[in-house]
Ligand SMILES: [Zn+2]
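Protein chains in written order, with our numbering: chain X, 143 to 442; chain V, 60 to 264.
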């Protein structure tokens, strides 16, 4: 029984096509499980349809139609491409990855196995290529009975349970449940005793600093450090300061010369002044919302 | 006067004061019989609406040419995807809206600074038509659309505006907040309240 759904605001952004691509992956996955939201989405599409049929008309030249028809005629001669082979070898041997929603299946690497990384003793993660770099899209797999170290996030995190279940202080989550964690919310998920729990996770990535020093400071995104917690709870993250971020990246790359850069290593700094925190994210004091990517200066 | 206007549609079996479900029937014909004449009529009706919809964003200053290109792209998709259209599941305008939305997402994505060409996942995988074909979604869609249209008209101006900005201008809540200077929470609650009133017209959520 699904108890946790995307809110109406997220659903309307999904249906209107204004929600971030990676978050849409999460919403679509939820829709696969949830009748209720599917019918809400159908209604939201109908709203789009009725706005379309009511909107003011703009004249379209006859040549547009003529051009379209010749395009259509040209395409009729093209033979339809051979249907893509569906099975990914990587999923066949792992029971956990059988019968995933189609949209998630599409994210699995073709012809090669997923690369699972251990993050602590009970959590494994495998990053997925989702066609964008704004969010980190990944599978999180908690082993049965496993507890994940208490952690919080530099940015928004959306989790959709795919298999098994887990619980935290707030409740139990089962397949299809859609959870949104705001930056700074601390939680400690624990998987059910009887089976592993597989989750689809979309995480607003803090600035990724690359290179040797980055790995030294924060080898795993989930490691609980005093620094990350202080940064995440600090209400005065500044708006993006590209110059300083760039400078830090260059500095770190210079220090770690010769060591191959490694994508996806996250790091959090806590410099003297809040102004210099190299985060995209910004918690606004007034709205309490993350101002990420809005490009606007923070109120606070 | 009216008479001369009516003469334009002489020979058509559908009167000019066409109802929405007639468009749906026409779209079915396009899908099943690949009827180009029906398609020409769909084009004449929907192309100016699609263009109007896309040009309703005053800040995007989409040049007329680009709007025409988008119209062409949307109607091309309408033609190719029409065989999968099912009038019992969605009114023609709703279905065309979703085709248009997907084209717009594609277009915006191509220009996004966050685009990484590493994934197979495409717009149609996320906004998957099959999802709409599953049980419980089979409401009476065209009736729904009428109800929605009516209750939308009764919304307070600010809620109407917020929903228009989301749908027609293609803006996220935070973009609206940024442009209007309203707190994000206010934008969200206007959208939510508007939707609540609309949804109240056909039952819960
Ligand atoms: Zn739901």
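Glycine residues also receive a C-beta, built at the ideal position from the N, C-alpha and C atoms.
Run the proximity test for residue i: is its beta-carbon closer than 6 Å to any non-hydrogen atom belonging to ligand 1?
| i | result |
| --- | --- |
| residue 150 of chain X | no |
| residue 147 of chain X | yes |
| residue 178 of chain X | yes |
Quick one: does residue i have its CB under 7 Å from some CB of chain V?
| i | result |
| --- | --- |
| residue 237 of chain X | no |
| residue 275 of chain X | yes |
| residue 261 of chain X | no |
| residue 248 of chain X | yes |
| residue 232 of chain X | Because residue 232 of chain X sits at a pLDDT of 48, beneath the cut-off of 50, its placement in the model cannot be relied upon, and the following sentence gives the value as read from the coordinates. It does not; no Cβ of chain V falls within 7 Å. |
| residue 214 of chain X | yes |
| residue 207 of chain X | yes |
| residue 316 of chain X | no |
| residue 150 of chain X | yes |
| residue 324 of chain X | no |
| residue 144 of chain X | no |
| residue 272 of chain X | yes |
| residue 197 of chain X | yes |
| residue 176 of chain X | no |
| residue 245 of chain X | yes |
| residue 159 of chain X | yes |
| residue 200 of chain X | yes |
| residue 311 of chain X | no |
Candidates the options: which alpha carbon is nearest residue i's?
| i | options | result |
| --- | --- | --- |
| residue 153 of chain X | X:172, X:145 and X:143 | X:172 |
| residue 215 of chain X | V:205, V:204 and V:93 | V:93 |
| residue 163 of chain V | X:196, X:317, X:310 and X:159 | X:159 |
| residue 284 of chain X | X:269, X:262, X:186 and X:183 | X:262 |
| residue 327 of chain X | X:292, X:259, X:250 and X:248 | X:292 |
| residue 174 of chain X | V:204, V:187, V:205 and V:129 | V:187 |
| residue 173 of chain V | X:343, X:200 and X:273 | X:273 |
| residue 232 of chain V | X:151, X:143 and X:144 | X:151 |
| residue 345 of chain X | X:164, X:201 and X:202 | X:164 |
| residue 335 of chain X | X:322, X:314, X:329 and X:278 | X:314 |
| residue 228 of chain V | V:98, V:110 and V:84 | V:110 |
| residue 245 of chain X | V:165, V:147 and V:181 | V:181 |
| residue 156 of chain X | X:271, X:204 and X:189 | X:189 |
| residue 104 of chain V | X:183, X:203 and X:311 | X:203 |
| residue 258 of chain V | V:209, V:183 and V:148 | V:209 |
| residue 132 of chain V | V:113, V:150 and V:149 | V:113 |
| residue 310 of chain X | X:301, X:177 and X:329 | X:329 |
Determine, for residue i, whether the minimum Cβ-Cβ distance to residues of chain X falls below 7 Å.
| i | result |
| --- | --- |
| residue 111 of chain V | yes |
| residue 132 of chain V | no |
| residue 88 of chain V | no |
| residue 94 of chain V | no |
| residue 145 of chain V | no |
| residue 157 of chain V | yes |
| residue 204 of chain V | yes |
| residue 184 of chain V | yes |
| residue 153 of chain V | yes |
| residue 141 of chain V | no |
| residue 249 of chain V | no |
| residue 240 of chain V | no |
| residue 107 of chain V | yes |
Assuming residue i and residue j form a contact by the criterion Cβ under 8 Å, report the distance between their Cβ atoms to the nearest whole angstrom.
| i | j | result |
| --- | --- | --- |
| residue 338 of chain X | residue 238 of chain X | 6 Å |
| residue 332 of chain X | residue 289 of chain X | 5 Å |
| residue 298 of chain X | residue 317 of chain X | That pair is no contact at about 22 Å. |
| residue 108 of chain V | residue 89 of chain V | Actually they do not touch by this definition, with Cβ atoms about 17 Å apart. |
| residue 342 of chain X | residue 168 of chain X | 7 Å |
| residue 210 of chain X | residue 304 of chain X | Not confirmed; about 41 Å, so no contact. |
| residue 250 of chain V | residue 222 of chain V | 6 Å |
| residue 253 of chain V | residue 214 of chain V | 5 Å |
| residue 144 of chain V | residue 86 of chain V | 5 Å |
What alpha helix (DSSP H) runs, 4 residues minimum, are completely inside the stretch 231-271 of chain X?
231-234 and 244-247
Residue ranges of each alpha helix (DSSP H) run of no fewer than 4 residues wholly in the stretch 150-192 of chain X, ordered along the chain?
150-158 and 163-175
Output the residue ranges of the alpha helix (DSSP H) runs that lie fully inside the stretch 280-332 of chain X and measure 4 residues or longer, sorted by chain position.
none
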